[in-house]
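The structure appears right after this line, and notes come after that.
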Amino acid sequence: MSGRKKTLLKVIILGDSGVGKTSLMQQFVNSKFSHQYKATIGADFLTKEITIDNNKQVSLQIWDTAGQERFQSLGVAFYRGADCCVLCYDVTNEKSLNNLTSWKDEFLVQSNVTNPQDFPFIIIGNKIDVDENKKIPSLQKKLQNITSNQLGGLNYPVFETSAKEGVNVEAAFEVIAKMALQQEELNDANGHDVSDDYNDAINIHLESEPSNCAC
Amino acid sequence: MSSQGNDTSSANAPPHDDRESIPRLLITPPSLTPTSILPPSISQPTLAVNLENVSNGIIKAIDYSNSTPDQLLSSGPKLSVVSSESSEYGVRSPISQEEYENLTDHFTDEYDDNDNTEDNEELQNLISDIIRYEHSHSINLDHNNKLMSESSYLDFNIFPNHDSITDELEYYNKYIKLSKTNNEEEFHDKLKHFFIFSMAGKPIYSFNGADELVMGYAGILTTIISTFEENINEEIKSITVGDNLKIVAINRNPLVLVSISSISYELMSFSKNDVGLEIPDDTEQEIKDTDNDHTLRNNQDLILINQLNTLYNYLLSILSKPVIEKNFMNRMNYDLRRILTSLDFDNIDALCMRLSYGLPITEEIENNLLDTSSFDFFISELLDSSIQSIKITNTTRTRLNKILLASKKLKVKQQQISSTETGSTAGTISSYFPSVGGSTLVEEKFLGDDLLFSLLATSHNNKILSYMKPKNHSLSNDDLKLLLNVIHSSQNSLDYTEDLWIPLCLPNFNPNGFLYVFVKQINLSDYFKSGIVVQPLTIILISSNKNSFYQMQEISNYIIYMIIKDEAVLNTLAQELINSSRLSIIKDINVPSIKHFIYKSKKCNQFIMNDLIHFNNDRSMNSLLQLVYFYSVLHNTKAVKIKSRLKSTYNQSTSSNNQTSSSSSFQNKKLTYAKWTLQDNSVTGFMLADNEYEFYCLSNSSIKSNDLINHSLKIIKWCEKNQKRLFFGSGVVF
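Chains as they are written, first to last, in my numbering: chain X, 2 to 216; chain P, 101 to 834.
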């Protein structure tokens with residue numbers, strides 16, 4: 002019963018296959034990491050409760066999706082009603098970085114959010130634990146290009162994480178929660194006040210007024 | 101009886117194991133046409149009979165070719181308890197002139213004794229065939245003198261019991277009792293689940309399990325449901341996993357409601373169990389089945405769908421449709437829990453428990469005298485939202501109706517409304533004057549201008565005594581049930597001083613707005629010096645205007661005053677309430693050997709049943725669960741149609757309108773006979789229905805077949821005679 006006043010946030014994790022979406026989630030929720038790669042089929046759901054700003058209880062309902070093309074048809078159900086979207090790439094895989102824009106577009110098309118420009122996204126570059134020479138050459142510059150330069154770019158907070166070693170994972174999800182919460186509060190403030198509706202009176206038409214049948 | 105032994109070899113379902121069974125998807129287009137369930141050939145009428153020995157799932161067909169009536173099939177002695185009690189209560193009190201008139205109102209030609217005997221004979225023949233067949237296949241049960249109370253609900257295989265638990269409470273705690281913990285194993289043990297979540301997959305409610313546990317399931321279920329809709333363009337309705345598990349979903353965009361059940365009586369699909377049976381010389385039987393609920397009941401998911409609709413209606417009743425929709429508009433991520441209160445969640449918990457098991461949510465489930473309002477609710481739901489009335493004389497009911505009507509026509513001087521707001525009841529009553537005497541004063545105003553519906557009901561079990569409605573509006577039974585349920589849950593049962601004012605949306609009346617419900621309890625016992633204890637009554641006044649609280653309060657004061665002012669009237673009412681609060685077959689109808697019955701009048705969709713204490717001498721969880729099971733089986737089993745002697749008469753005379761009305765009650769006559777046999781105990785169930793009524797009863801199996809029929813017919817006749825006392829009908833109209 003205590004869960005009622007907690008805010009519930011739906012978080013979607015998107016990105017190419019193999020960038021470590023499931024690992025990030027596992028690390029965040031269960032503090033576990035597996036070396037074995039097992040592709041996600043369809044989607045995976047995990048829940049984690051965190052406290053932000055010292056007193057706000059937030060339940061994150063994390064929807065981990067399959068990055069593989071063949072599961073992309075899962076469609077609207079995944080995206081609908083999301084509070085925040087996490088775009089993931091692999092710091093050793095340039096293609097996954099370049100695909101971020103199309104993941105974002107896919108999300109906006111499917112989720113049909115009201116104000117796409119305000120919707121909270123964050124970007125996570127995973128696998129920073131690998132050797133420097135395996136990483137994408139001049140990563141920062143390329144990332145810069147993607148986030149700021151392109152038209153309608155991905156001007157969102159970027160986190161570099163290691164799901165394997167648990168680096169920065171918690172911090173990233175904390176920011177996710179904060180952004181989603183902010184958006185939620187903004188929505189509430191934006192006149193979504195429905196209290197008036199409780200006053201909907203029903204117009205009852207009584208055929209004969211009581212005064213007429215008092216005879 | 102070798103029922104236990106038969107278990108292994110019978111067609112019983114394999115052990116429950118989800119992984120072994122192949123999930124079947126039952127997809128039906130949103131239009132819900134149960135085409136696949138219709139009999140293969142319309143032109144060849146068959147009578148389907150289901151003579152299952154339900155406890156072991158064996159299905160038997162009757163061979164009618166060489167059967168002769170055998171009236172004394174069960175030669176065992178009648179229970180001694182029954183016969184002694186019957187003599188004790190054998191004498192009926194003489195009836196008054198008034199009562200006599202009420203009774204004779206209902207005597208028409210179709211109920212004359214002659215008809216009844218032939219009717220009786222026909223039933224005798226049919227049922228004895230059924231019973232004779234049973235006996236030829238079962239070991240003698242003659243030594244059966246055991247009290248039913250010694251049997252346990254666990255003996256009947258109502259619920260899956262893989263670890264063979266024999267303790268009733270232990271089983272309840274593990275599989276039935278609701279638990280909100282984060283324990284996955286506990287969660288999966290539960291036989292019944294309800295989920296409500298948004299289309300985005302955010303959980304709103306779950307019967308069992310903590311949030312953390314439920315969130316994943318909400319995600320998975322949403323995904324399945326909406327993937328299905330997107331890709332195949334069909335609404336998913338149910339998923340059947342093997343024989344023991346069913347998932348049913350309804351989509352009420354932006355909400356999705358899901359139920360998962362492994363309760364045997366909720367998974368019943370008689371289309372599977374039916375055995376076709378050809379009745380000789382039955383070539384010209386009319387098979388056009390106009391019985392609406394029959395075709396509906398063919399839909400095997402209907403039980404669970406109805407339950408989900410009841411939950412959805414509850415949400416509508418407290419929020420209304422526009423409020424739900426507007427909250428989700430432009431933001432599918434909305435968390436509906438933000439506008440629900442903990443009382444709402446408690447109420448939904450209680451609803452789920454009532455819908456599934458007819459049990460209250462209580463810590464004292466081991467109590468042998470449980471509150472039976474949950475069972476009442478279950479039966480009401482089972483009988484297509486039939487409403488339960490309370491037996492009072494027609495005179496008293498008419499008197500109460502008149503009081504409600506008079507309260508609607510109350511007038512006050514305009515300025516008096518404000519001055520009486522703070523006044524005491526006694527002080528203000530004298531200032532009332534009903535409008536009947538003429539109305540010349542211009543300052544006068546109708547107090548009840550906004551009053552739409554008035555109800556008088558008993559407080560504890562919400563049985564309706566009196567009902568007033570406008571000419572061109574009425575409340576559906578679903579709305580009434582919802583209303584009574586909400587009132588029941590918000591009433592503090594002992595507080596007679598509080599006045600409740602509840603904004604409530606009644607979805608069938610109008611899902612888009614609110615009505616305002618004034619609720620007040622009257623403790624009739626307070627008005628007796630002699631210390632008579634009478635169950636309290638509840639006044640329910642439904643207004644269309646949210647600012648009319650004080651007017652409704654005045655009206656309720658007037659109603660109370662009118663009820664108590666005449667001592668003789670009050671005495672009569674109290675006496676009748678005392679007499680009928682615990683309806684007894686033996687005492688009130690003078691019929692021994694039938695332990696429990698339900699009679700439903702189809703015309704007004706209201707029902708009456710006797711106190712369930714007579715079934716097992718208690719009101720325990722064990723008895724409740726057995727009754728829930730027996731009645732579910734009787735109701736959901738496809739009945740045998742009786743080819744009535746009068747049926748052919750009817751067919752011949754359909755062209756002449758004069759004849760149709762007199763024989764109409766013999767249309768669609770059908771019966772179901774069921775027997776649950778245990779090693780040392782058994783129960784007989786019997787259902788008889790036609791266009792006018794549905795009758796269900798339970799008895800010890802040692803009852804003789806002719807007694808079963810005679811006594812059933814006697815109860816039915818009693819109910820027909822007492823229609824006006826048993827049912828409030830369509831209420832009084834202003």
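For each residue, glycine too, the CB sits at the ideal point set by N, CA and C.
The structure presented is a predicted model; accordingly, all values stated were derived computationally and were not measured.
So with CB distances below 9 Å, who are the chain P contacts of residue i?
i: X:T115; result: N430, R431
Taking C-beta pairs closer than 7 Å, name the residues in chain X that residue i reaches, listed in chain order.
i: P:K302; result: L9, K11, Q62, G82
i: P:T322; result: A78
Does any residue of chain P bring its CB to less than 8 Å from the CB of residue i?
i: X:A67; result: no
i: X:F79; result: yes
i: X:T48; result: yes
i: X:N188; result: yes
Please classify residue i as buried or exposed, where buried requires at least 16 other C-beta atoms within 10 Å of its C-beta.
i: P:L269; result: exposed
i: P:P607; result: buried
i: P:Y271; result: buried
i: X:L187; result: exposed
i: X:D54; result: exposed
i: P:L404; result: buried
i: P:L469; result: exposed
i: P:N562; result: buried
i: P:Q400; result: buried
i: P:R825; result: buried
i: X:A172; result: exposed
What separation, rounded to the nearest whole angstrom, lies between the Cα atoms of residue i and residue j?
i: X:D45; j: P:T327; result: 15 Å
i: X:T8; j: P:T340; result: 34 Å
i: P:H714; j: P:K700; result: 19 Å
i: P:N406; j: P:A349; result: 11 Å
i: X:N99; j: P:D289; result: 47 Å
i: P:S338; j: P:I479; result: 24 Å
i: P:A668; j: P:L788; result: 40 Å
i: P:C819; j: P:M432; result: 53 Å
i: P:D311; j: P:I663; result: 50 Å
i: P:S865; j: X:L88; result: There is no way to answer for residue 865 of chain P, as the model of chain P reaches only from 101 to 834.
i: X:G21; j: X:K128; result: 8 Å
i: P:N610; j: P:D578; result: 12 Å
i: X:Q118; j: X:Q111; result: 15 Å
i: X:Q37; j: X:V30; result: 18 Å
i: P:D790; j: P:S805; result: 20 Å
i: P:P130; j: P:E335; result: The predicted position of P:P130 is uncertain, since its pLDDT is 36 and thus under 50; no value can be drawn from it.
i: P:S720; j: P:Q488; result: 21 Å
i: P:E598; j: P:S566; result: 22 Å
i: P:I660; j: P:I465; result: 36 Å
So which residues of chain P does residue i contact, with C-beta pairs closer than 7 Å?
i: X:T52; result: Within 7 Å Cβ-Cβ: nothing; X:T52 doesn't reach chain P, min ~15 Å.
Comparing the C-beta of residue i with each C-beta of chain X, is any distance below 8 Å?
i: P:M299; result: yes
i: P:E330; result: yes
i: P:G831; result: no
i: P:T772; result: no
i: P:S326; result: yes
i: P:G319; result: yes
i: P:E284; result: no
i: P:I448; result: no
i: P:L125; result: Residue placement at P:L125 is poorly supported in this model, since its pLDDT is 44, which falls under 50; the coordinates still yield a value, given next. So, not an interface residue.
Kindly list, in the order they appear in chain X, the residues whose Cβ is closer than 9 Å to that of residue i.
i: P:G316; result: D45, F46, L47, T48, Q62
i: P:E897; result: This structure gives no information on residue 897 of chain P, because the portion of chain P shown stretches from 101 to 834.
Mind listing the chain X neighbours of residue i? Cutoff is C-beta to C-beta under 8 Å, in chain order.
i: P:D435; result: T8, L9
Practice task
List in chain order: all unbroken beta strand (DSSP E) runs of 3+ residues lying wholly within the region 130-173 of chain X.
Solution key: Within the region 130-173 of chain X, the complete beta strand (DSSP E) runs of at least 3 residues are 159-161.
Problem - Continuous beta strand (DSSP E) assignments of at least 3 residues falling wholly in the region 294-337 of chain P - result: Taken in chain order, the complete beta strand (DSSP E) segments of 3 or more residues contained in the region 294-337 of chain P are 303-306.
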